[in-house]
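Shown next, in structure tokens, is the structure this report addresses.
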Amino acid sequence: MLCLARAGAVDFARTEYVRLGLDRIDDDPEIIALGARLLKDVALATRGRRRTAFAKASARRYQALFQRFGGLYGAINAATMTLVAGDHADARAQAAALSGPSLAAGTGEAAYYEAAGRAEALFLTGSLAAARETLAEAVAKAPRAFAAHASTLRQLEMLCGETGVDPAWLAPFRPPACAHFTGHILDASREGALTNGLEGDLRDEADRMVKAQRVGFAYGGLAAGADIVFAEAVLAAGAELNLVLPVSLESFVAVSVAPFGTAWRERFDRCLASATSVRYASPDPYVGDEQVFAYASQIAMGCAVLRAQTLSAEAVQVAVWDGHAAAGPAGVAVDMAYWAKGRRRQVVISVRRPPPSPAPGSCPPEASASASRAMKAMLFTDVKGFGALRDEQIPAFIEAVMGQMAKVVDGLDAPPRHIETWGDGLFLVFDQPIDAAVAALALQEAHRALDLRGLGLPRSLGLRIGGHYGPVHLTTNPLTKTLAVVGAHVVIAARIEPDVAPGSACVSEALAAALATCHGDRVRCGYVGRTRGRKDFPATPIFNLTRV
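Using my numbering, you'd call the opening residue of the sequence shown number 2 and step up by one each time.
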């Protein structure tokens, strides 16, 4: 049920909580806390009377937890939800009893949470200076417990919104920045670029930039040149290096590292071995399609933004740029323009180079990837429970459930480029990631609004939606003579949907990355976990999709 809640399927989680009789259990602290958390999730996601009602119910549940088992967790959450319910005076009174000196000795996350809870209580009493001092003490007890810090920061940000306090006071407690780095690859046709003295200057500047921007987590590529130089600076500073390579490792090395000599290959290998994670935009070899390099950069940018959101940290782009526009669909200028869509901070390390020539490893036009390949966002949907319907229920399902989906799709401002359907399933293809996200949310909202019982259908029918973004082949189905959208990335989208909780929409890291980078003001993607690994298809991270 906690996984369901994290996936955004809070209503389904609450239904399961009641169905299993957990709402009647009063002797298990974890079950009581889970029930209180589910009520809290509903309250924070709504407005008006519904918000107040669920906030009060959550506060009562947290209070019951405290009265039965003691501890700061239940008490401080009861006070916080009392505030959300609109009773500021009672919230302050409850918090006042919890705002004394921390009793937690030593260090570690337990000591951190104890002190952070006291800081939250002090904030609720209006003692901002004392809250700031106590939160500093809490962070000192577990300085690298960034996930714990982020949980506290999100709670305090929410309370700032409830009380009208400027959240700027939280800035000193935010984890180190999450950076996307991008820079020029070496160019054999411009011998000496980034070398013969310039490279040394670049490393000094990279070291300075990592320190000045407080980079703790970095995402980018590892081509010979600026990428490797910056990656070395990240590792030297003790920060976390996360790599996103556009194609298979062997192919990437052959195109972007090996042509520039064994010294660069050795530096590449050292960085690769020290990286915290390595992702591949495509497991296939390079076939001349430069778009895959831009796709890898988009994923890296999105990963930096998603990590920053998870940690309540800042996302910043560091670009090593010569000031020239990109000569093709990928390059530093393209990465900078894409990042700028999100209106986040961007810093540039300027380098002097001659105007660009065709990128090393690029193929002549006749060897490039098929022009039929294009970037698309895809949704797969189905209705859990459809297979158990009786035959006499099928007409009502088609007319009401599928009919409602048709109305939603027909009413979209940006309709899908391609639609396929079978039974209870839909396959929708969109030109832009945000168009797929808007469609997924609209479909879920319309399904939740259906009176399934009144239609003679089981209330347990839950819509599941899985989404992905990547390059696909646009071709013609030889049997139907209609458009066909096929490729490995279609399979990724299809494999996500079966693991989605009914009542929610989950997307791949690639789609979540695109949405986080460019559309964070409209939708939010939160990490849920990994899909179940299946034969020939590894476990993959998925993110729940919600409106902001």
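Backbone N, C-alpha and C fix where the C-beta goes; we use that ideal spot for every residue, glycine too.
Taking C-beta atoms as the reference points, residue 505 and residue 493 fail to come closer than 8 Å. Secondary-structure assignment with DSSP links residue 281 through a beta bridge to 246.
Rounded to the nearest whole angstrom, the CA to CA distance from residue 255 to residue 293 is 15 Å.
Closest in alpha carbon position to residue 230, among 116, 182, 68, is 182.
At the C-beta level, residue 299 and residue 320 stay beyond 8 Å of one another.
For the pair of segments examined, the stretch 455–465 was found not to touch the stretch 513–520: the number of CB pairs separated by less than 8 Å stays below three. In this structure, the alpha-carbon of residue 98 lies about 10 Å from that of residue 77.
Here residue 447 really is in contact with residue 405; their C-beta atoms are around 5 Å apart, less than 8 Å. Taking residue 306 as the centre and dropping the five residues before and after it, the same chain places the C-beta of 316, 517, 518 closer than 6 Å to its C-beta, in chain order. Around the beta-carbon of residue 388, fewer than 16 other beta-carbon atoms lie within 10 Å, marking it exposed. Under the rule that a run must span 4 or more residues, the alpha helix (DSSP H) segments found entirely inside the stretch 321–362 read 333–341.
With fewer than 16 other CB atoms across the displayed protein chains lying within 10 angstroms of its CB, residue 423 is exposed. At the C-beta level, residue 85 and residue 44 come within 8 Å of one another.
If you check the CB distance, residue 408 and residue 465 do not come in under 8 Å. The beta carbon of residue 154 sits closer than 8 Å to the beta carbons of 171, 174, 175, 313 from its chain, once the five residues preceding and following it are set aside; these are given in chain order.
Residue 159 sits in a helix when the DSSP states are folded into three classes. In this model, residue 46 and residue 526 are separated by some 15 Å (Cα to Cα). Within the stretch 456–502, the complete alpha helix (DSSP H) segments at least 4 residues long are 489–497, listed from N- to C-terminus. The stretch 211–278 is shown to contain whole alpha helix (DSSP H) runs of 4 or more residues at 227–237, 250–257, 263–275, in chain order. At a cut-off of 4 residues, the continuous stretches assigned as alpha helix (DSSP H) that sit fully inside the stretch 396–443 are 404–411.
For a cut-off of 8 Å, the C-beta gap from residue 246 to residue 279 is around 7 Å, short enough to register as a contact.
Among the bridge pairs identified by DSSP, residue 509 is matched with 543. The secondary-structure analysis by DSSP pairs residue 71 with nothing; it has no beta-bridge partner.
Annotation for residue 150: 140, 174, 176 place their beta carbon closer than 7 Å to its own, counting only its chain and skipping 5 residues before and after. Annotated three-state conformation of residue 82 is helix, per DSSP.
Cβ contact annotation for residue 297 (same chain, cutoff 6 Å, sequence separation greater than five): 245, 247, 282, in chain order.
The residue from 80, 351, 295, 51 with its alpha-carbon nearest to that of residue 95 is 80.
Cβ atoms of residue 117 and residue 136 come within 8 Å of each other, at about 6 Å.
In the structure shown, residue 528 falls within a strand segment according to DSSP collapsed to helix, strand and coil. Ranked by Cα distance from residue 33, the first of 15, 48, 50, 49 is 15. DSSP places residue 166 outside both helix and strand once states are collapsed to three, so it counts as coil.
Per DSSP, residue 19 is one residue of the alpha helix (DSSP H) stretching across 11–20. In this structure, the straight-line span from the alpha carbon of residue 147 to that of residue 27 is close to 33 Å.
Residue 450 sits in coil when the DSSP states are folded into three classes, being neither helix nor strand.
Taking each of 185, 456, 432 in turn and checking the Cα distance to residue 326, the smallest one comes out for 185.
Within the model, the alpha-carbon separation for residue 441 versus residue 430 is close to 11 Å.
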